[in-house]
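J.: The sequence shown begins at 33 in my numbering and counts up by one. Please see the structure below; I have some questions.
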Amino acid sequence: MWLDAACDLFLQQGVAAVMIQPLSKRLKLSRTSFYWFFTDREELLDALLERWRDRNTGAILRQAEAYAESVVEATLNLFDCWLNSGLFDTKFEFAVRSWALQSEAVAAEIKVADQLRIEAIAAMYKRFGYPPIEADVRARTVYLTQIGYISMQTVEAPEVRMPRIANYVEIFTGKTPEQREIDRFFGRHRFHPQGTDIPA
Numbered sequence: 033m034w035l036d037a038a039c040d041l042f043l044q045q046g047v048a049a050v051m052i053q054p055l056s057k058r059l060k061l062s063r064t065s066f067y068w069f070f071t072d073r074e075e076l077l078d079a080l081l082e083r084w085r086d087r088n089t090g091a092i093l094r095q096a097e098a099y100a101e102s103v104v105e106a107t108l109n110l111f112d113c114w115l116n117s118g119l120f121d122t123k124f125e126f127a128v129r130s131w132a133l134q135s136e137a138v139a140a141e142i143k144v145a146d147q148l149r150i151e152a153i154a155a156m157y158k159r160f161g162y163p164p165i166e167a168d169v170r171a172r173t174v175y176l177t178q179i180g181y182i183s184m185q186t187v188e189a190p191e192v193r194m195p196r197i198a199n200y201v202e203i204f205t206g207k208t209p210e211q212r213e214i215d216r217f218f219g220r221h222r223f224h225p226q227g228t229d230i231p232a
């Protein structure tokens, strides 16, 4: 309850707004009840970071390790993170990276997370036979492109972004996706290109 409210406030107003008194007013609870759950504000902020690690870094690691029959399918599994906020929360990511500008400790957490994520994506490429240096460069290209999207707060409508997916995959993997692979990806994101029938 307190952590959920803190997360909402953090996403809306940043870390400076995450204070016990505003949270107690928001929840219509006494300040003293906060201390049943957390020792102090710092412990609450640590819990926020832990949630970010579990959700966002965890999602990238899981998707990079997910079963795939081809490197195209593996890359599309990873792309699920960028399009499904239930897997990877881009607003949470932006908020934590903004927080890191004010906190050396959080900046250090970001550095560790970035390295873990890049290593997981590189390992994904290595599984499909890419040499280590090439796997690392491809991983960095995929990951840093998406972090750029997040940092610039780029928002693209599905009808703009989705038709580019096959081209992104080809650039990131060097392989041309099969139509069935793209169709499966579109299907799980409920995207229907113009000119296709939408199932009833």
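The C-beta atom is built at its ideal place from N, Cα and C for all residues, glycine as well.
1. Can you tell me the Cα-Cα spacing of Arg172 and Ala38, whole angstroms?
2. Please classify Phe66 as buried or exposed, where buried requires at least 16 other C-beta atoms within 10 Å of its C-beta.
3. Sort Ala100, Lys57, Phe42 by Cα distance to Leu80 and report the nearest one.
4. What residue from Ser102, Val187, Arg129 has the CA that sits closest to Ile142's CA?
5. In the structure shown, what three-state DSSP assignment does Gln211 receive?
6. Is the beta carbon of Ala154 less than 8 angstroms from the beta carbon of Ala167?
7. What is the DSSP secondary structure of Trp34, counted as helix, strand or coil?
8. Would you say Trp34 and Leu76 are within 8 angstroms of each other, going by their C-beta atoms?
T.: In brief:
1. Here residue 172 corresponds to residue number 140 of the sequence shown, with the count starting at 1. Here residue 38 corresponds to residue number 6 of the sequence shown, with the count starting at 1. Between Arg172 and Ala38, the C-alpha separation is close to 32 angstroms.
2. Within the sequence shown, the letter at position 34 stands for residue 66. So Phe66 counts as buried.
3. In the sequence shown, residue 80 corresponds to position 48, counting from 1. Comparing Cα positions, the closest option is Phe42.
4. As a first step, residue 142 is located in the sequence shown; it is residue number 110 there, counting from the start. It is Arg129.
5. Stepping through the sequence shown from its first residue, residue 211 is reached at position 179. Three-state DSSP puts Gln211 in a helix.
6. Within the sequence shown, the letter at position 122 stands for residue 154. Within the sequence shown, the letter at position 135 stands for residue 167. Result yes, Cβ atoms of Ala154 and Ala167 sit closer than 8 angstroms.
7. One-based indexing of the sequence shown puts residue 34 at position 2. If DSSP states are grouped into helix, strand and coil, Trp34 belongs with the helices.
8. As a working mapping, residue 34 is identified with position 2 in the sequence shown. As a working mapping, residue 76 is identified with position 44 in the sequence shown. Yes, the pair counts as a contact, with Cβ atoms nearer than the cut-off.
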